[in-house]
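Encoded as structure tokens, the structure appears first; notes follow it.
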Amino acid sequence: MKKAFLFLGILAASAVAGGVSAWAVADGGARVEYIEREVERTPALGAQFTAYEAGQYPDLTYAAENAVKAVVNIEATQRVEVPQRGQFGYDPFLEFFGIPQQQQRGGNGEPRYQERRSGGSGVIISEDGYVVTNNHVVDGATKLRVKLNDGRAFDAELIGKDSATDVALLKIDAAKLPTLAFGSSDALRLGEWVLAIGSPFDLQSTITAGIVSAKARNLGAIPNDFSIESFIQTDAAVNPGNSGGALVNTHGELVGINTLIKSQTGSYIGYSFAIPESIVRKVVVDLKEYGFVQRALLGVMFRPVDQDFIDNEGKELGITEIGGVYVAGVTEGGSASEAGIRKGDVILEIDGVALGSSATLQEQIARRRPNDKVVLSVKRDGKLKQFEVVLRNKADKPELLTREDVDVVETLGGKFQDAGEKLCRQLEIKGGVQVASVKAEGILARARVKQGFVITHINDREVRSVADMRRLNDKIRSIDGIYPNGRAASYVLVE
243 MKKAFLFLGI LAASAVAGGV SAWAVADGGA RVEYIEREVE RTPALGAQFT AYEAGQYPDL
303 TYAAENAVKA VVNIEATQRV EVPQRGQFGY DPFLEFFGIP QQQQRGGNGE PRYQERRSGG
363 SGVIISEDGY VVTNNHVVDG ATKLRVKLND GRAFDAELIG KDSATDVALL KIDAAKLPTL
423 AFGSSDALRL GEWVLAIGSP FDLQSTITAG IVSAKARNLG AIPNDFSIES FIQTDAAVNP
483 GNSGGALVNT HGELVGINTL IKSQTGSYIG YSFAIPESIV RKVVVDLKEY GFVQRALLGV
543 MFRPVDQDFI DNEGKELGIT EIGGVYVAGV TEGGSASEAG IRKGDVILEI DGVALGSSAT
603 LQEQIARRRP NDKVVLSVKR DGKLKQFEVV LRNKADKPEL LTREDVDVVE TLGGKFQDAG
663 EKLCRQLEIK GGVQVASVKA EGILARARVK QGFVITHIND REVRSVADMR RLNDKIRSID
723 GIYPNGRAAS YVLVE
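Oh and the sequence shown: position 365 is 607 in the numbering used here, straight run, nothing missing.
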């Protein structure tokens, strides 16, 4: 009996110390009861721990409970044409060379379509219904539906999108909405706590926590010749559906837009990446004011001066110190060229900000607009020099673009690549831009231009590369080119 009561005494002490429900145990005819009472909870301490002080540790509840109200779920619907086999049969040979086939259409001669739905997240940034998200969440969508944290749902209007930064801006017809204020991504410190909020796997209002693992990451993940990548890396869990959601600091401020994960499985395995607030804020203002991004270009081809650069090319070029970016080429008539920057220069700083990587250079230029001035600190022949550079637009002009100017790549609606030397020799052309894929609702889709077509002229102006095509900003009136089988084709747009 003594052993039994000793054991129960230990249980009772544990129960009282933890403030749990009463124990009642019977042994033979005896009954022992331990009555519940309230006690102050003090964490158990091992010998190696100091006293617990709540104020010295991060409390994420304030940020989580407030920020989650401004994060939404986005449903994007795409209308996709579905090829149909008809009574005359389907001939892939004809399809490859862009020859229309009546059997791909319905019985009334009209194409058949089906709807495809995908999901993502977004962040409300104004009480009157502006929502920021990723471009890849809304790209190609014919209908957008936004569901709020409180359960209400609204159709959304696409105000503008930018594939180079993967940012898009939507508008819903609502008022007095909960919002997230912008914080400062520049002020983020390595190891600082952050929250990722979004709708992974359609689980709306999911919150995960982590720390800032790195800043200014360039992954080469955005498929755009003018891509701007300077990601915040975190270890907050992010999965498919989180795209476009909020990265929030402990004050409940928006410091980034969660954009991608990098893994072999397509799901979270330890780190995720967000577009910094410094880029998001500038792009959103441009999309709201102009409908497109006022992109400033420095006009240089560059490589980071890191250890690999020093080991492989440093001795030959006379560069022995890590840091800055090496100017591998200068665009004739561009911003840097006009300011006196030359091939072989090493740019160390922009407006006093040290360039530790190429991503930092991209981010600093992405904050500016055409006609803005920046001061570059440059190392040339072992000497430091400073150059004042007036930034220019994609047409190498120092003024802002207008709404009448056109983003040719977005308007055409597709993905493009430079025609290779072998293809150019085969087709006996000096250069061109090959259509890698066609997006719905663009000019190429409406003109029935097929994948593989090589564009050689737009508006009677020669186009030898994707870079040439991006410099155009006039309204598209005509497209000329040639298919891989040698069949030339011209498309004239009639309003």
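Note that beta-carbon positions come from the ideal geometry of N, C-alpha and C, so glycine has one too.
This structure is a prediction, so every number in the text was calculated from the model and none was measured.
If you look at Leu400, you'll find it in the beta strand (DSSP E) that goes Ala395 to Asp404. For Ser505, the closest of Ala479, Leu529, Asp397 and Ser600 by C-alpha to C-alpha distance is Ala479.
With a beta-carbon spacing of about 12 Å, His493 and Ala306 fall beyond the 8 Å limit used to define contacts. Boundaries of the beta strand (DSSP E) harbouring Val677: Val675 to Val680, taken from the DSSP string. Per DSSP, the continuous alpha helix (DSSP H) segment holding Tyr304 begins and ends at Thr303 to Ala309.
Cβ-Cβ distances below 8 Å link Ile718 to Val648, Val650, Thr653, Leu654, Ile685, Ile700, Asn701 and Leu735 in the same chain, with the five nearest sequence neighbours on each side left out; the list follows chain order. The shortest C-alpha to C-alpha distance from Leu643 to any of Cys666, Val620, Asn715 and Gly487 is the one to Asn715.
Rounded to the nearest whole angstrom, the C-alpha separation of Pro518 and Asn308 is 20 Å.
Its Cα nearest to that of Gly371, the residue Leu411 stands out among Val379, Lys385, Leu411 and Gln356. Note on the segment 488 to 560: whole alpha helix (DSSP H) runs with a minimum of 4 residues are 519 to 532, in chain order.
By the neighbour-count definition (other C-beta atoms within 10 Å, threshold 16), Ala570 is an exposed residue. Ala709 sits in a helix when the DSSP states are folded into three classes.
Measuring C-alpha to C-alpha distances from Glu574 to each of Gly566, Ile583, Thr501 and Tyr568 identifies Ile583 as the nearest. According to the DSSP assignment, Leu686 belongs to the alpha helix (DSSP H) that extends over Ile685 to Ala689. Residues Glu369, Asp370 and Gly371 of the same chain have their beta carbon placed closer than 8 Å to that of Ala417, with the five preceding and five following residues left out of the count. The DSSP assignment places complete beta strand (DSSP E) segments of no fewer than 3 residues inside the segment 447 to 475 at 448 to 459, in order along the chain. Distance from the CA atom of Phe473 to the CA atom of Ala398, rounded to whole angstroms, is 27 Å. By the Cβ neighbour-count rule, Ile724 is buried, with 16 or more other Cβ atoms within 10 Å of its own. Shown here, Asn613 sits in coil according to DSSP, grouped into three states, outside any helix or strand.
Residue pairing by DSSP places His699 opposite Glu704 and Asp722 in a beta bridge. Just measuring C-alpha positions, the residue of Val374, Thr407 and Met543 sitting nearest Ile401 is Val374.
Arg609 and Gly364 have their C-alpha atoms spaced approximately 22 Å apart. Membership of Lys664 in any beta strand (DSSP E) is not indicated; the residue belongs instead to the alpha helix (DSSP H) covering Glu663 to Leu669. Within the same chain, Cβ atoms closer than 7 Å to the Cβ of Val547 are found at Ile561, Ile564, Gly565, Gly566, Val567, Tyr568 and Val588, the five residues on either side in sequence being excluded. Of the candidates Thr448, Ala709 and Val696, the residue whose Cα lies closest to the Cα of Gly728 is Val696. One thing to note: Lys311 has its Cβ within 8 Å of the Cβ of Pro420. If you keep only unbroken beta strand (DSSP E) runs of at least 3 residues inside the segment 358 to 387, you get 372 to 375. Taking each of Leu539, Val631 and Glu663 in turn and checking the Cα distance to Glu605, the smallest one comes out for Leu539. In the three-state reduction of the DSSP assignment, Ser732 falls in the strand class. Per DSSP, Gln606 is one residue of the alpha helix (DSSP H) stretching across Ser600 to Ala608.
Distances from the alpha-carbon of Val542 to those of Arg459, Asn484, Gln668 and Leu633 put Leu633 closest. Taking the CA atoms as reference points, Ile367 sits about 40 Å from Lys692. Excluding residues up to 5 positions away in sequence, Ala306, Val310, Leu437 and Ile439 lie with their Cβ nearer than 7 Å to the Cβ of Ile449 in the same chain. CA-to-CA, the gap between Cys666 and Ala687 works out to about 24 Å. Where Glu434 is concerned, there is no enclosing beta strand (DSSP E), because DSSP gives it neither an H nor an E.
In the DSSP annotation of this structure, the continuous segment of the alpha helix (DSSP H) that includes Leu654 starts and ends at Val650 to Leu654.
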